[in-house]
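Below you'll find the structure, written out as structure tokens, and then a few comments.
Residue numbers (full-length UniProt numbering): 1 to 198.
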């Protein structure tokens, strides 16, 4: 009988005015101790980086974990909407896991946070409200996604320094809204999210 694995999935950047929506999937190949882990929103940036290093180091050392990350950019979000974009990113993550770790879709159980869903071909899936607070594996996915996206937004800040992306990471802070009013929108802004600010 094929071995069963568990996958935790979460997303970050859903409500941002700029930058991608990012989804991470963390595959647990055997029991892992995530004692003390919390949802990325309840950790400082420094704490998230520490946890990300722990998660990835444990995965490499014990071959207990696998990872996949997928992002959907602003233009696609504007075209198909945020919910469809989240589904697309989840689908991309699962395809990467299936390919990279040579798995069948029946080999794993998928636990998703909040309003996320996997494609119907993945029969063994469960969406859990506030899953990032209840399920350590989903919390791990939230941390991996958040650290990855924050790094991307810091790189984008170098291309668009006028918006302060390194500070707010694309979220709709007062600083960001003021920058949009002053400088207009860039190619990484979500037009469908920003119409009230221009």
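Just so it is clear, CB atoms sit at the ideal spot from N, CA and C, and this is done for glycine as well.
Residue pairing for residue 22: DSSP places it in a beta bridge opposite 12 and 71.
Contact between residue 139 and residue 24 fails: their C-beta atoms lie close to 11 Å from each other, not under 8 Å. Between the segment 26 to 43 and the segment 59 to 73 there are three or more C-beta pairs closer than 8 Å, enough to call the two in contact. Taking all protein chains shown into account, residue 89 has 16 or more neighbouring C-beta atoms within 10 Å of its C-beta and is therefore buried. In terms of Cα proximity to residue 115, the closest of 102, 107 and 131 is 131. In the DSSP assignment, residue 41 falls outside any alpha helix (DSSP H) and carries neither an H nor an E. The DSSP assignment places 108 to 113 as complete runs of the beta strand (DSSP E) inside the segment 80 to 118, in order along the chain (cut-off: 3 residues). In the same chain as residue 166, and ignoring 5 residues on each side of it, the C-beta atoms closer than 8 Å to its own belong to 153, 154 and 157, in chain order. The DSSP-derived three-state label of residue 65 is strand. By the C-beta density criterion, residue 74 is buried, having at least 16 other C-beta atoms within 10 angstroms. Non-local C-beta neighbours of residue 109 in its own chain, meaning closer than 6 Å and more than five positions away in sequence, comprise 6 and 124, ordered along the chain.
In the three-state reduction of the DSSP assignment, residue 126 falls in the strand class, which pools E and B.
Rounded to whole angstroms, residue 178 and residue 106 show a C-alpha spacing of 49 Å. Per DSSP, the unbroken alpha helix (DSSP H) holding residue 142 starts and ends at 136 to 159. CA-to-CA, the gap between residue 16 and residue 168 works out to about 9 Å.
Where residue 192 is concerned, the enclosing alpha helix (DSSP H) starts and stops at 191 to 194.
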